[in-house]
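If you count the sequence shown from 1, you need to add 505 to reach the numbering used here.
All C-beta atoms, glycine included, are put in the ideal place defined by N, C-alpha and C.
None of these values were measured; they are calculated from a predicted model.
Here's the structure we're looking at; comments come further down.
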Amino acid sequence: MPISLLVASSDEHFRETIRDSLVNVAGGKVASEYPEVSSNLYIRVLQDLERYPEAALIVDLSEDPEGALKAVEKVKQAAPDLYVIASNYHADGETVIAGVRAGCSDFLVQPVKRLEFREAIARLERAPRRSSGSESRLGKLYAFLGVKGGVGTTTLAVNFAGVLAQRKQRTVLVDLDFTGNDCAMQTGCAPQHTLIEVGENLSRMEPALFEGLAVRDPLGFLLMGPPDQMERRAAFTEPMFREFAGFLVEKYESVVVDAGRWIGDDVVLAALQSSSSIFLVITQQFPAVRNAQRYIAALMRMGFNQDQLKIVVNAYQKKPAASLATLDQIRQTLNQPVFYGIPASPAALAAVNRGRPFVADRAAAGDLDRAFRAFADKAAGKPLAAKQE
Ligand SMILES: Nc1ncnc2c1ncn2[C@@H]1O[C@H](COP(=O)(O)OP(=O)(O)O)[C@@H](O)[C@H]1O
Ligand SMILES: [Mg+2]
């Protein structure tokens, strides 16, 4: 059985060492990397175990041993059969015992020596495998991130939540763009409560309470967003978001995030880190393509992987004017495949003016609606069309 590893470490050098060491293991590969070892690690791990049910997890404890072991405990609660290897610079009794108590199966001392790594892999190979294939009970998080304002990030997030809800998925749309707060505008609602109240009530959060705070869109999804007063941004913190995200993926099937466009916001960054897919929204305008390059470079430096990142070209024109980039040019410039092109259509603007998602009126949206549903099928990773609408 080929070995695949999930690697959690904020240390780029550590992740690289593991990648390099695996080159010498026949069929061995790193299936996924997590640049942060946080309490939300289990969300990504469970998502990835659906795709790589045989994978084992290696966790770097060196930066924050206590925090990392808490994260391991949560991962093990969610995936009790997962084989976990802990790693740190020292392997004194106390460290190893703490690792064992958190549910680790093995320990690897840093700096990682080739022989010791090979022995650890041999032990992993001999260990009984988890009875794979079980679908994660956790919902999926999808983030839409714009490389500029006005590229259609909010439009795509709102309509994606709309399609998922039409297909009977229990869906929550979370607006994290505190500067825009446009999801409410595009769905034509006036929320009474915001992320601030979510933050204040996290310790007793449960679906009934949350559904009292959120707005239910006529299409069926729940919407939760920021307060209109931008100056209150700091009242909703990253730890609050992480706890909220844990609640959401445990209770709902799909969580769609309008991430706006500022990845320097730690709440936005935490959302991206918890997402199984990040849809990077661009247009064919050259400034957008150039900015997409900067976004991809930054996200790669922060340890995101190409699997997670999906380029969506919005307002796509097949035969673009000379001032616009073609798909080929985009592909070449970004050195990434284009995941999907969503056609330019006046129906998008009409929908925003109406204050309703375009997927709410299939006839009016025509080609845009058809293309968007095909995108949604691909984006959700399975043909949603099979489900009832
Ligand atoms: N596929 C599309 N075709 C034409 N116009 C679009 C399309 N998608 C979005 N728009 C329009 O672009 C404008 C900006 O959209 P918005 O979703 O607010 O972008 P962002 O969230 O990136 O700032 C809106 O007027 C919207 O109607
Ligand atoms: Mg927006």
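Going straight from the alpha carbon of residue i to that of residue j, what length do you get?
i: residue 859; j: residue 693; result: 8 Å
i: residue 572; j: residue 603; result: 12 Å
i: residue 645; j: residue 672; result: 15 Å
i: residue 601; j: residue 594; result: 11 Å
i: residue 465; j: residue 513; result: Summary: the structure shown does not reach residue 465, with the chain confined to residues 506 through 894, and so no result is reported for it.
i: residue 750; j: residue 715; result: 12 Å
i: residue 642; j: residue 780; result: 15 Å
i: residue 550; j: residue 533; result: 18 Å
i: residue 820; j: residue 724; result: 24 Å
i: residue 804; j: residue 520; result: 16 Å
i: residue 615; j: residue 523; result: 11 Å
i: residue 620; j: residue 679; result: 47 Å
i: residue 710; j: residue 756; result: 11 Å
i: residue 637; j: residue 754; result: The predicted position of residue 637 is uncertain, since its pLDDT is 47 and thus under 50; no value can be drawn from it.
i: residue 801; j: residue 658; result: 16 Å
i: residue 842; j: residue 605; result: 42 Å
i: residue 580; j: residue 794; result: 37 Å
i: residue 701; j: residue 530; result: 49 Å
i: residue 674; j: residue 575; result: 31 Å
i: residue 765; j: residue 799; result: 16 Å
i: residue 626; j: residue 687; result: 49 Å
i: residue 703; j: residue 824; result: 46 Å
i: residue 792; j: residue 528; result: 39 Å
i: residue 585; j: residue 548; result: 14 Å
i: residue 868; j: residue 883; result: 22 Å
i: residue 874; j: residue 866; result: 8 Å
i: residue 697; j: residue 705; result: 15 Å
i: residue 878; j: residue 599; result: 54 Å
i: residue 837; j: residue 827; result: 17 Å
i: residue 690; j: residue 541; result: 34 Å
i: residue 695; j: residue 552; result: 33 Å
i: residue 717; j: residue 872; result: 36 Å
Report the CB separation of residue i from residue j in whole angstroms; it is logged as a contact under 8 Å.
i: residue 783; j: residue 813; result: 5 Å
i: residue 676; j: residue 666; result: 5 Å
i: residue 568; j: residue 515; result: 5 Å
i: residue 759; j: residue 832; result: Their Cβ separation, rounded to whole angstroms, is 28 Å, which puts residue 759 and residue 832 out of contact at 8 Å.
i: residue 554; j: residue 560; result: 6 Å
i: residue 543; j: residue 747; result: 6 Å
i: residue 546; j: residue 539; result: 6 Å
i: residue 660; j: residue 857; result: 7 Å
i: residue 728; j: residue 719; result: 6 Å
i: residue 651; j: residue 699; result: The Cβ separation is near 21 Å, so there is no contact.
i: residue 535; j: residue 510; result: 5 Å
i: residue 790; j: residue 854; result: No, residue 790 and residue 854 are not in contact; Cβ-Cβ is about 16 Å, not under 8 Å.
i: residue 785; j: residue 835; result: With 8 Å as the limit, residue 785 and residue 835 do not qualify as a contact, their Cβ atoms being about 11 Å apart.
Closest to residue i by CA distance: which of the options is it?
i: residue 762; options: 618, 769 and 775; result: 775
i: residue 610; options: 583, 618, 564 and 642; result: 564
i: residue 886; options: 652, 647, 742 and 700; result: 647
i: residue 653; options: 506, 787 and 729; result: 787
i: residue 840; options: 797, 618, 713 and 608; result: 797
i: residue 722; options: 834, 857 and 862; result: 862
i: residue 634; options: 651, 506 and 625; result: 506
i: residue 845; options: 873, 880 and 857; result: 880
i: residue 590; options: 744, 622 and 598; result: 622
i: residue 649; options: 791, 842, 873 and 778; result: 778
i: residue 570; options: 585, 535, 607 and 870; result: 607
i: residue 596; options: 581, 613, 587 and 588; result: 613
i: residue 742; options: 772, 830 and 713; result: 772
i: residue 664; options: 768, 793 and 726; result: 726
i: residue 769; options: 882, 592, 871 and 681; result: 681
i: residue 707; options: 624, 695 and 745; result: 745
i: residue 588; options: 508, 697 and 696; result: 508
i: residue 617; options: 794, 690, 838 and 518; result: 518
i: residue 624; options: 712, 526 and 866; result: 526
i: residue 818; options: 541, 705, 656 and 874; result: 656
i: residue 712; options: 871, 874, 528 and 752; result: 752
i: residue 767; options: 717, 684, 592 and 691; result: 684
Inter-stretch contact (C-beta, 8 Å, three-pair minimum) for the stretch 623-635 and the stretch 726-735
In short, these stretches do not touch, since the Cβ pair count stays below three.
Contact the stretch 805-812 vs the stretch 847-856: 3+ CB pairs below 8 Å: The stretch 847-856 and the stretch 805-812 do not touch, with fewer than three beta-carbon pairs separated by less than 8 Å.
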